[in-house]
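For reference, the structure discussed in these notes is given below.
2 protein chains.
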Amino acid sequence: MTHRSPAAGKPIKTAITDEDGIDFAIIELFFFAYRDFTSDPDQILADYGFGRAHHRVLHFVNRRPGLTVAELLDVLKITKQSLARVLKQLIDTDHIVQLQGPRDRRQRELYPTAKGRALALALARPQSRRIRAALEDSGASERPLIERFLEAMVNPELRAQIDIVPANMSGKSHGDH
Amino acid sequence: MTHRSPAAGKPIKTAITDEDGIDFAIIELFFFAYRDFTSDPDQILADYGFGRAHHRVLHFVNRRPGLTVAELLDVLKITKQSLARVLKQLIDTDHIVQLQGPRDRRQRELYPTAKGRALALALARPQSRRIRAALEDSGASERPLIERFLEAMVNPELRAQIDIVPANMSGKSHGDH
DNA sequence: AAATTACGTCAATAGTACTGACATAATTTC
DNA sequence: GAAATTATGTCAGTACTATTGACGTAATTT
């Protein structure tokens, strides 16, 4: 089986290019960029026995303290069962606490503890450093443009999730969407 | 267990912000953007019984026809065993063929078939559309800037992988790195 | 009182990844 | 030519993240 099987098609020896107007350059850059962007926190998480799923939960609980389980599922686009294990571990290790919802007592509002806040910051630090360096490389004044591009990459109907974020205003000023 | 366990820390009710100079806005945008960017091909892949791993292999074999297994492992940053199953499936379904290396007969050069090329294009099409739309939203002239930013997000020592790509020159002209 | 909602949990399964070990063929080195 | 190294393939075992389906409980709504 080291060679081609009898019914196999002929090998194409030319590289795929921008034929059909496909933007392979940016597709590939996006893959590499995200691969390395997530590699920073992955190393820290390994020390805790956590994975990427824990990071995402921790991030959003810190960003929107008091969100409910249902809201978290909606943001992460995963199922209840997938969240269960990860959330349980974060609660057992005292990174997150849940409080009974004030209006609806069935709901669990999720909050970070001091420990959970500290870990979220530690995980975000190398990512933020990478972003700052990349912004400087491409001209520091270009931040709003990068933000607009990334936001435009998100499905329009899901962009509402972004703007839920309470207070990330430090010169954003993109009130035009 | 619906409430806090006795030893649990106190809930923090304020949202994490740009304290410590952490760029949460872009961290989060990058997560959302990549989530939706990969959701397009994921739907197509499901029809074939393939996953994201198949997509990545297919992409790079089309981008660098004739690359060897070792080179592919290096680009994907996964292990031989992880690649094995995915690559075998792509070969069995006649999307990829392997030829004996001309210089070194131990090597397997990987090439796409017409079928594999077609699938790679089909997977890239919605992603490219998304990128084009996002570029238009942020001003069509900003493409080189977005490219520079994404490239700067990649680990410097790994940037060599990007430039291996044979011919994606359609007005790139960023020969300054 | 009945239906619905929010959440939790159990069981079974899948996809992607890992480490470690071992085998084979081809090339390189001594 | 024999020995070491290299490129690849494969086997066994494990882990993490995710899935679907089913069921249970408490609280709210109808």
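These protein sequence lines are chains A and B, in that order. Here the first sequence is numbered in this note's numbering, starting from 12 and rising by one per residue. Here the second sequence is numbered in this note's numbering, starting from 12 and rising by one per residue. Note that the Cβ used here is the ideal one computed from N, Cα and C, for glycine as well.
Quiz prompt | Endpoints, alpha helix (DSSP H) assigned at A:Ile107 | solution = Counting along the chain, A:Ile107 sits inside no alpha helix (DSSP H); it lies in the beta strand (DSSP E) bounded by residues Ile107 to Gln111.
Quiz prompt | At least three beta-carbon pairs within less than 8 Å, the stretch 48-65 of chain A to the stretch 148-160 of chain A | solution = Fewer than three beta-carbon pairs drawn from the stretch 48-65 of chain A and the stretch 148-160 of chain A are found closer than 8 Å, and the two stretches are therefore not classed as touching.
Quiz item: Along chain B, in chain order, which residues have C-beta atoms closer than 8 Å to that of A:Phe61?
Solution: Chain B residues near A:Phe61: none, gap ~17 Å exceeds 8 Å.
Quiz item: When burial is assigned at 16 or more other CB atoms within 10 Å of the CB, is B:Asp34 buried or exposed?
Solution: B:Asp34 sits buried, since 16 or more C-beta atoms from the chains shown fall within 10 Å of its C-beta.
Exercise. Please confirm if B:Lys24 has its CB atom under 7 Å from at least one CB of chain A.
Key: At least one beta carbon of chain A lies nearer than 7 Å to the beta carbon of B:Lys24.
Quiz item: What is the rounded straight-line gap between the Cα of A:Leu56 and the Cα of A:Gly20?
Solution: Looking at the two C-alpha atoms, the distance is approximately 44 Å.
Exercise. Determine the DSSP secondary structure at A:Glu168, reduced to helix, strand or coil.
Key: Three-state result, A:Glu168: helix.
Practice problem: Determine, using beta carbons only, whether A:Pro123 and A:Val72 come nearer to each other than 7 Å. | Solution: Yes, the pair counts as a contact, with Cβ atoms nearer than the cut-off.
Quiz item: What residue range is occupied by the uninterrupted alpha helix (DSSP H) comprising A:Pro52?
Solution: Annotation: the continuous alpha helix (DSSP H) that includes A:Pro52 extends over Phe35 to Tyr59.
Quiz item: A:Gln172 touches chain B at which residues, Cβ-Cβ below 8 Å?
Solution: By Cβ distance, chain B contributes Phe43.
Quiz item: From this set, B:Arg143, B:Leu132, B:Val165 and B:Arg117, which residue's C-alpha is nearest A:Ala145's C-alpha?
Solution: Residue B:Val165 is the option with its Cα nearest to A:Ala145.
Quiz item: Are the Cβ atoms of A:Arg128 and B:Ile23 separated by less than 7 Å?
Solution: A:Arg128 places its beta carbon less than 7 Å from that of B:Ile23.
Quiz prompt | Interface positions of the stretch 107-119 of chain A facing chain B (Cβ-Cβ less than 8 Å), listed along the chain | solution = Taking a C-beta cut-off of 8 Å against chain B, the contacting residues of the stretch 107-119 of chain A are Val108, Gln109, Leu110, Gln111 and Arg119, listed in chain order.
Quiz item: What residue range is occupied by the uninterrupted beta strand (DSSP E) comprising A:Glu205?
Solution: Any property of residue 205 of chain A remains undetermined from this structure, which presents chain A solely from 12 to 188.
Quiz item: Any idea what DSSP makes of B:Pro137, helix, strand or coil?
Solution: Helix at B:Pro137.
Quiz item: Rounded to a whole number of angstroms, what is the C-alpha to C-alpha distance between B:Glu212 and B:Ala44?
Solution: Any property of residue 212 of chain B remains undetermined from this structure, which presents chain B solely from 12 to 188.
Exercise. Could you work out which residue in A:Gln100, A:Arg116 and A:Asp51 is closest to A:Ser139 when comparing CA atoms only?
Key: Comparing Cα positions, the closest option is A:Asp51.
Quiz item: Using the beta-carbon of each residue, which ones in chain A are nearer than 8 Å to B:Lys91?
Solution: None at all; the shortest Cβ gap to chain A is about 16 Å.
Practice problem: Just mark A:Pro167 as buried or exposed, buried being the case when its beta carbon has 16 or more other beta carbons within 10 Å. | Solution: Exposed, since its Cβ has fewer than 16 Cβ neighbours within 10 Å.
Practice problem: Would you list the residues sitting across from B:Leu78 in a DSSP beta bridge? | Solution: B:Leu78 is bridged by DSSP to B:Leu121.
Self-check item: With 16 other Cβ atoms within 10 Å as the buried cut-off, status of A:Gln109
Solution: The C-beta of A:Gln109 has 16 or more other C-beta atoms within 10 Å across all chains shown, which makes the residue buried.
Quiz item: Residues in the stretch 63-79 of chain A with C-beta within 8 Å of chain B's C-beta atoms, listed in sequence order?
Solution: Residues passing the 8 Å Cβ filter: Arg67, His70, Asn73, Arg74, Arg75, Pro76 and Gly77.
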